Amino acid sequence: MSHTLSARDEDAVELMDDPAADPEMLARTYARFGTVNAIVSGQRDVYEDWVRPRLSRTSLTRVLDIGTGGADLPLRMLRWASREGVRLEVVAIDPDPRAVAFARSVSVSGLVVRAASSADLADAGERFDVVHSNHVLHHLDGHAFGALLADSERLVAPGGVAVHGDIARSRWGYAGFAAATWPFERNLLKGTFIRADGLTSIRRSFTAPELAAVLPPGWRARRAFPSRLEAVWSPGGDR
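The opening position of the sequence shown corresponds to residue 92 in this note's numbering, with each subsequent residue numbered one higher.
Below, the structure written as structure tokens:
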């Protein structure tokens, strides 16, 4: 393990990625994602920066959420769009059947949950105005990382954008997450993988220079709040 956080700990494994992970703990983890991600994932910023500018009262905007987990971000986006009276469809995909089963347990107008990969949808010719993932990049090895970005380029419709958000690895981020979640370890986060896996995720994640160095041409690394990174691509190279 990299105690100094000076380098990515690519060998660290998150508990919830274990196929034999306790199903009750996993379900509680998915159920709590919405609360935690609302704070650490900049969900409102993602909506305001990338989705809202493309929304319309007359035409349907399509968003793809890759590795959706409990589909907490799609649910929030649809709620915000509904309040604004604009048309939005979010296709939430995950290759893990456990995540898909949980996401499908909530029925909301505009949410489509699929057991699929980004390659499946790209091969089928699907197109989206926004292609998004949250906390997925740090899970991927080099080949899978490149494949996801290549799939994203195929999936983005003209005028659209691909945005893959992740944690920025830092001592401040690690210490901050550890301190902020410690008081809730015996109540809100009890019986979940969130605290342990969150710390592991930070150890596995990129710094901004590291992410910029591995992005292919046309992609850019963008810093975001709080302690977040975004890998961004659009067909014309613009926002």
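Don't be surprised by glycine CBs; every beta carbon is placed ideally from N, CA and C. In this text the structure is predicted, and so the values were computed from the model without any measurement.
- The DSSP assignment places complete alpha helix (DSSP H) segments of no fewer than 4 residues inside the stretch 208-290 at 209-214, 233-246 and 262-272, in order along the chain.
- Per DSSP, reduced to three states, the secondary structure at T152 is strand.
- The residue from R295, A235, L117 and V227 with its alpha-carbon nearest to that of R262 is R295.
- Residue G251 holds the alpha-carbon nearest to the alpha-carbon of P144 among K281, G251 and L202.
- Following the DSSP letters along the chain, one finds R167 inside the alpha helix (DSSP H) bounded by residues D163 to E175.
- Between R218 and V182, the gap from beta carbon to beta carbon reaches 8 Å or more.
- Classified as exposed, F316 has fewer than 16 neighbouring CB atoms from the shown chains inside 10 Å of its CB.
- Distances from the CA of R189 to each of V199, P110, S243 and G282 were compared; the closest alpha carbon is that of P110.
- Counting C-beta atoms within 10 angstroms of its own C-beta, H234 has fewer than 16 neighbours from the protein chains shown and is therefore classed as exposed.
- For R195, the enclosing alpha helix (DSSP H) covers residues P188 to R195.
- According to the DSSP secondary-structure assignment, L179 is paired through a beta bridge with T152.
- Segment contact: the stretch 123-139 against the stretch 95-104, fewer than three CB-CB distances shorter than 8 Å; contact not assigned.
- Remark: C-beta atoms of Y121 and G158 do not approach each other more closely than 8 Å.
- DSSP, reduced to helix, strand and coil, places A312 within a strand of the structure shown.
- Rounded to the nearest angstrom, the gap between the Cα atoms of E244 and R277 is 43 Å.
- For D220, the number of other beta carbons within 10 angstroms of its own is at least 16, and it is reported as buried.
- If the five residues before and after V323 are omitted, its C-beta is found closer than 6 Å to the C-beta atoms of V254, R311 and R313, all from its own chain and listed in chain order.
- Taking I258 as the centre and dropping the five residues before and after it, the same chain places the C-beta of V131, H226, H229, G264, S292, I293, S296, S318, R319 and L320 closer than 8 Å to its C-beta, in chain order.
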